[in-house]
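A.B. asks: The structure follows.
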Ligand SMILES: NC(=O)c1ccc[n+]([C@@H]2O[C@H](COP(=O)([O-])OP(=O)(O)OC[C@H]3O[C@@H](n4cnc5c(N)ncnc54)[C@H](O)[C@@H]3O)[C@@H](O)[C@H]2O)c1
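In our numbering, the protein residues as written are 3 to 342.
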């Protein structure tokens, strides 16, 4: 049996990754280490094969807890754990520095101490900043790191520490940089689940600025598969961009959701733009496709349909969140704009 250590595996992408690995392999045991912050949810892990999946609640900044949970000679450590929401990083960046930067370094130190064979850092295209909207330029693995939000800056800093671990200590590292994910179990503060749940409830859909910011969307399982392949086939020190060649303006995404739910476009409400809002992300995934033999398997149309269906069939999951601390967050972010 291979032993892998996954951090942040109770979140949106981490839980999709854990499910995929358990389903598609028979010789991998997973230790899932997650602090269960507001974004972590044990509901996301229901029904997993308990003989091959063990959950441990813990913080990646807590060195002793990490050392206790991480097995000696583990085959890999996959670092998904992060503060992941740009808007929250604009309101308060310190938690992002702590978890995303210090937490990553704690994991690197623990991986060295426990002789972990490979360290996979799950990063984001946002470390490369923004692209002009009227351009045909794409983010490539050698694009400069030019993060614009505190979130992106913390993820870029984490990448530097991962690189430094490789250069200084010879740690076997791989970094993946993916575009915007969507799919089941995404916390409703993010664009697609926010719009689905507001539309389902007949509430206004807050769209930032002119709605023309472009994101490159990928179905979460396709991202999870790319991370697994990067672990299995990626070169030591490799960086892999992951994207499904699916650029969409935010407004186009929102309109597609309303159309799929049979709701009127009049629910759209333009609100004050996010500070420093990156205009366009677009990923050239040729290296990942060619070197890892990866291709996205889910089209945008299928993925969006599956996602909407999941939120329709799992309203308790969303309502549980919408009724908790999230309500205060939502009020703070959009309350004034939506009532104006
Ligand atoms: N969502 C995207 O579109 C996207 C795209 C590219 C890369 N990423 C990266 O993928 C990773 C996962 O993103 P996500 O969207 O699933 O995020 P998420 O916010 O849904 O989940 C993050 C998880 O990390 C856990 N966590 C947070 N702080 C922790 C800590 N200190 N110790 C242990 N666990 C902690 C949370 O409890 C949660 O389960 C992140 O590293 C993010 O930067 C996300």
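The C-beta atom is built at its ideal place from N, Cα and C for all residues, glycine as well.
Taking just the CA atoms, how far does residue 324 sit from residue 316?
C.D. replies: Distance between the alpha carbons of residue 316 and residue 324 is about 13 angstroms.
A.B. asks: Would you be able to state if there are at least three C-beta pairs under 8 angstroms between the region 206 to 224 and the region 293 to 303?
C.D. replies: Because the criterion of three Cβ pairs below 8 angstroms is met, the region 293 to 303 and the region 206 to 224 touch.
A.B. asks: For the beta strand (DSSP E) holding residue 80, just list the boundary residues, first then last.
C.D. replies: Segment 78 to 81, the beta strand (DSSP E) holding residue 80.
A.B. asks: From residue 32 to residue 311, what does the alpha carbon distance come to, in whole angstroms?
C.D. replies: Rounded to the nearest angstrom, the two C-alpha atoms are 29 angstroms apart.
A.B. asks: Grab me the residues of residue 148's own chain with a C-beta within less than 6 angstroms of its C-beta, minus the 5 sequence neighbours each way, in chain order.
C.D. replies: Hits under 6 angstroms: 131.
A.B. asks: Which same chain residues, not among the five before or five after residue 112, have their C-beta less than 6 angstroms away from its C-beta?
C.D. replies: Same-chain partners within the cutoff: 68, 69, 72.
A.B. asks: Does DSSP put residue 208 in a helix, a strand or coil?
C.D. replies: In the structure shown, residue 208 sits in a strand (DSSP, three-state: E or B).
A.B. asks: In whole angstroms, what separates the C-alpha of residue 96 from that of residue 83?
C.D. replies: One C-alpha to the other measures close to 16 angstroms.
A.B. asks: If you draw a straight line from the alpha carbon of residue 227 to that of residue 107, how long is it in whole angstroms?
C.D. replies: Residue 227 and residue 107: Cα-Cα distance of roughly 25 angstroms.
A.B. asks: Tell me where the alpha helix (DSSP H) around residue 89 begins and ends.
C.D. replies: Unbroken alpha helix (DSSP H) run through residue 89: 88 to 93.
A.B. asks: Cα separation between residue 53 and residue 28?
C.D. replies: Spanning the two alpha carbons is a distance of roughly 11 angstroms.
A.B. asks: Does DSSP classify residue 219 as helix, strand or coil?
C.D. replies: Residue 219 falls in the strand class under three-state DSSP.
A.B. asks: Please classify residue 195: is it buried, with 16 or more other beta-carbons within 10 angstroms of its beta-carbon, or exposed?
C.D. replies: Residue 195 should be labelled buried.
A.B. asks: Once DSSP output is grouped into helix, strand and coil, what is the label at residue 124?
C.D. replies: Residue 124: strand per DSSP, three-state reduction.
A.B. asks: What does the alpha-carbon distance come out to for the pair residue 50 and residue 174?
C.D. replies: For residue 50 and residue 174, the distance between alpha carbons rounds to 29 angstroms.
A.B. asks: If you check the beta carbons only, do residue 233 and residue 279 fall under 9 angstroms apart?
C.D. replies: For residue 233 and residue 279, no; Cβs fall outside 9 angstroms.
A.B. asks: Mapping DSSP to helix, strand and coil, what is residue 118?
C.D. replies: If DSSP states are grouped into helix, strand and coil, residue 118 belongs with coil.
A.B. asks: Can you name the start and end residues of the beta strand (DSSP E) that residue 273 belongs to?
C.D. replies: Start and end: 270 to 273.
A.B. asks: Helix, strand or coil for residue 307? Go by DSSP, reduced to three states.
C.D. replies: It is helical.
A.B. asks: Could you give the DSSP three-state label for residue 55: helix, strand or coil?
C.D. replies: In the structure shown, residue 55 sits in a strand (DSSP, three-state: E or B).
A.B. asks: Are the beta-carbon atoms of residue 216 and residue 243 separated by less than 9 angstroms?
C.D. replies: Not a contact, by the Cβ cut-off of 9 angstroms.
A.B. asks: Can you tell which of 87, 24, 241 has its C-alpha closest to the C-alpha of residue 41?
C.D. replies: Looking at the Cα atoms, 87 is the closest of the given residues.
A.B. asks: Does the beta-carbon of residue 161, which I'm using as the reference point, lie nearer than 8 angstroms to any heavy atom of ligand 1?
C.D. replies: Not under cutoff, so the answer is no.
A.B. asks: For a test of the three-state rule: what should DSSP assign to residue 188, helix, strand or coil?
C.D. replies: Three-state DSSP puts residue 188 in coil, outside helix and strand.
A.B. asks: In chain order, what residues of the same chain lie with their CB nearer than 6 angstroms to the CB of residue 163, ignoring the 5 residues before and after it?
C.D. replies: So the list reads 106, 107, once near-sequence residues are dropped.
A.B. asks: Looking at ligand 1, does it come within less than 8 angstroms of residue 225, judged from the CB to the closest heavy atom?
C.D. replies: It does: the Cβ of residue 225 is within 8 angstroms (strictly closer) of some heavy atom of ligand 1.
A.B. asks: For residue 250, which option in 236, 238, 281 has the closest C-alpha, if you only look at C-alpha atoms?
C.D. replies: Ranking 236, 238, 281 by Cα distance to residue 250 puts 281 first.
A.B. asks: So, with DSSP's three-state summary, where would you put residue 345?
C.D. replies: As displayed, the chain neither begins before 3 nor continues past 342, which places residue 345 out of reach and without an answer.
A.B. asks: Run the proximity test for residue 115: is its beta-carbon closer than 8 angstroms to any non-hydrogen atom belonging to ligand 1?
C.D. replies: No, since every heavy atom of ligand 1 falls outside the 8 angstroms radius drawn around the Cβ of residue 115.
A.B. asks: Do you know offhand how far residue 201's Cα is from residue 306's?
C.D. replies: So the alpha carbons of these two residues sit roughly 14 angstroms apart.
A.B. asks: Assuming residue 208 and residue 308 form a contact by the criterion Cβ under 8 angstroms, report the distance between their Cβ atoms to the nearest whole angstrom.
C.D. replies: The Cβ separation is near 24 angstroms, so there is no contact.
A.B. asks: DSSP puts residue 27 in a beta bridge; with which residues?
C.D. replies: Note: residue 27 sits in no beta bridge, so no partner.
A.B. asks: On the DSSP bridge assignment, give the partners of residue 63 in chain order.
C.D. replies: Its beta-bridge partners do not exist; DSSP assigns none.
A.B. asks: Report the residue from 239, 212, 197, 119 whose alpha carbon sits nearest the alpha carbon of residue 258.
C.D. replies: Minimum Cα distance to residue 258 is reached at 197.
A.B. asks: Starting from the C-beta of residue 23, find all residues in its chain whose C-beta is less than 7 angstroms away, skip the five residues before and the five after it, and write them out in chain order.
C.D. replies: If we look at residue 23 and ignore the five residues flanking it on each side, its Cβ neighbours are 30, 32, 230.
A.B. asks: Cβ of residue 179 within 9 angstroms of Cβ of residue 91?
C.D. replies: Contact: no.
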